[in-house]
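Residue numbers (the working numbering), protein chains in the order written: chain A, 6 to 287; chain B, 1044 to 1325.
Okay, structure first, notes after.
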């Protein structure tokens, strides 16, 4: 079934994008930035439409919009002037509004608009593959280089800052990388659903392990499994790829939540009562 | 023990919008000292520690570090506002204390793990090293935080209410441990605490933080909520002799460092008799 060229491209793009978003999602979920992902993706719509209007590469214009939205949400929130959900709500709507405006300026109907909103396996071109590969390489290398600092500042930002880790820089770096990652996945899964691919794998992995190495590995594995099987199913029974991937991921997440080995342990940990009684020092 | 100055605060004031947290603080912290910061709630103890840790920039005045990089200050916050489901073990958290020494990009190696495990053993947590940090008791988490601060090989340790909630026996054990560690690792210690019974027995000196810093003692009225407002700023002071505060009228009779007494190395020097003294204005 993966013999068709477009299907091969969709598969290669899916593998890259799912691993990329799963690893980014590890930090996004742990830092409770999931909704920022939604905002960034929707703000990218403005960039998609502008690209169409001006005839410039969509990836470029969408990246500019999403990175600007990501850093913008981060900046206004961090300065403490506006609450995070308010900032996301504003950037989200502004990006979409600009998108609608740009589209109205372009005469005629844009046929692949729906594929940007909902994702399409037909839409991935060979050029897209190279762009996604380059973006994935850049993002994964930067994440690897700063991994321990990102981990420490995600766990406890204040302590990280106290020990001299450039926590502010890492915060913006992560937002920038998440924005780029989202844009690279938009063609395949669509603006509306891309944030699910960011959140679901890590959220599922966290139901299975409390070791960050395992959570990262499982996260990538879940993301990969959702995407590949979602693409296959969407090909077989001809349903939209993005929606298939997300529904599959949600099902696995809910199942994991129900049978998670960590959930049962939480309330009644055998060591918990003992260590709680032993007091402050030992 | 040397009496080298590690940190000095010069006319430091901190304001959060209308709220004045600290006003004209002048203190010096000398190497090898141990001081308890006592004082009422909202008196600025935490703010003072954060200023020294470099987490809060003074609104006015300045903080000077002598021969002391910020990474060599180990800050242990009162209660970390973190997500305890974060997938890291106690060992992982302690290793985070090594990150600044490693610098960016370099990973923690076997040597770092050994240091971290040794320190975990030293605070009595070797057995739970690989357990998820969220599964530990409050007291154990506190000791993980201490170990994390210590593996960075700090010169100065800042502890913010490290034993709040613990009973007297647990406090005793905790501060005994801190005192041993201080000796072993030649640390300088600054500990903020409400505790007037246990803590003063384990430190060389006491300073009272109530907007500004009163060296060696607290104005008696600080302990009397009713009279606090009315009497604040008068010269009455309570000096601690062991457990029980007792009053004394002449406030600065013992303000000079007593060189003959090695057990009471002055950590903080009175700088009120400098020309910039604000005493007359109050």
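Backbone N, C-alpha and C fix where the C-beta goes; we use that ideal spot for every residue, glycine too.
Small disclaimer: the values here were computed from a predicted structure and weren't measured.
- Under the three-state reduction of DSSP, residue 1237 of chain B is assigned to coil, being neither helix nor strand.
- For residue 1156 of chain B, DSSP assigns no beta-bridge partner whatsoever.
- Per DSSP, residue 1057 of chain B lies in no alpha helix (DSSP H) segment; the continuous beta strand (DSSP E) that holds it begins and ends at 1048-1059.
- Rounded to whole angstroms, the gap between the alpha carbons of residue 253 of chain A and residue 231 of chain A is 6 Å.
- Between the stretch 200-218 of chain A and the stretch 139-146 of chain A, the count of C-beta pairs closer than 8 Å stays below three; the two stretches do not touch.
- Under the Cβ criterion (8 Å, minimum of three pairs), the stretch 1197-1211 of chain B counts as touching the stretch 1103-1120 of chain B.
- Contact of residue 214 of chain A with chain B is assigned, a C-beta pair being separated by under 9 Å.
- A distance below 6 Å between beta-carbons, with the five flanking residues on each side excluded, links residue 251 of chain A to the following residues of its chain, in chain order: 198 and 201.
- For residue 87 of chain A, same chain residues with a beta-carbon under 7 Å away, outside a window of 5 residues either side, are 81 in chain order.
- DSSP, reduced to helix, strand and coil, places residue 1248 of chain B within a strand of the structure shown.
- Taking the C-beta atoms as reference points, residue 1252 of chain B is found no nearer than 9 Å to residue 1134 of chain B.
- A straight-line Cα-Cα distance of about 20 Å links residue 1188 of chain B and residue 36 of chain A.
- Remark: three or more beta-carbon pairs, one from each stretch, lie closer than 8 Å, so the stretch 95-110 of chain A and the stretch 46-61 of chain A are flagged as touching.
- DSSP, reduced to helix, strand and coil, places residue 150 of chain A within a helical segment of the structure shown.
- Excluding its 5 nearest sequence neighbours in each direction, residue 127 of chain A has C-beta neighbours in its own chain below 6 Å: 11, listed in chain order.
- With a 10 Å radius around the Cβ and a threshold of 16 neighbouring Cβ atoms, residue 240 of chain A comes out buried.
- Secondary structure note for residue 232 of chain A: its alpha helix (DSSP H) is the uninterrupted segment 217-241.
- For the pair residue 1061 of chain B and residue 1104 of chain B, the CB atoms are not nearer than the 9 Å cut-off.
- Between residue 195 of chain A and residue 151 of chain A, the C-beta spacing is not below 9 Å.
- Boundaries for residue 1074 of chain B: no alpha helix (DSSP H) harbours it, and the DSSP string shows neither H nor E there.
- With a threshold of 9 Å between beta carbons, residue 168 of chain A makes contact with chain B.
- DSSP places residue 86 of chain A in the coil class of the three-state scheme, outside both helix and strand.
- For residue 1064 of chain B, the secondary structure class from DSSP, reduced to helix, strand or coil, is strand.
- Neighbours of residue 88 of chain A in chain B, taken as residues whose beta carbon is under 7 Å from its own, are absent, since the nearest beta carbon is some 17 Å off.
- When C-alpha distances from residue 32 of chain A are compared across A:49, A:224, A:135 and A:121, the shortest belongs to A:224.
- Nearest CB-CB separation between residue 192 of chain A and chain B: not below the 9 Å threshold.
- With a threshold of 9 Å between beta carbons, residue 1148 of chain B makes contact with chain A.
- With fewer than 16 other Cβ atoms from the protein chains shown falling within 10 Å of its own Cβ, residue 149 of chain A counts as exposed.
- Beta-carbon to beta-carbon, residue 1077 of chain B and residue 1247 of chain B are separated by about 5 Å, close enough to satisfy the 8 Å threshold.
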